[in-house]
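Numbering (the working numbering), first residue to last: 179 to 264.
Every residue, glycine too, gets a C-beta built ideally from N, C-alpha and C.
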């Protein structure tokens, strides 16, 4: 699968990450602007996400301070329950 290829599973969209120790990129809604990624094994807890599949944010340590105003706006729209936690 090439970097720009993806596959869908019902409503979710996946793209290969090619990052050692991580799952493929995914988003639960094809219209979502935010991609998520997880550690493959041995770790639980981080909520990892990206807007461009290059820079990975950790919700617990990066939100909202390290996001741009536009990124925060998108995140708050797509994950309002998470945004309320902070």
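Query	Result
Cβ distance (whole Å) where residue 216 is taken to contact residue 200 below 8 Å	7 Å
Alpha-carbon spacing of residue 238 relative to residue 225, whole angstroms	7 Å
Residues sharing a beta bridge with residue 236, DSSP	226
Residue range of the beta strand (DSSP E) that includes residue 253	Looking at the DSSP string, residue 253 is not in any beta strand (DSSP E); the run it does join, the alpha helix (DSSP H), is 247-256.
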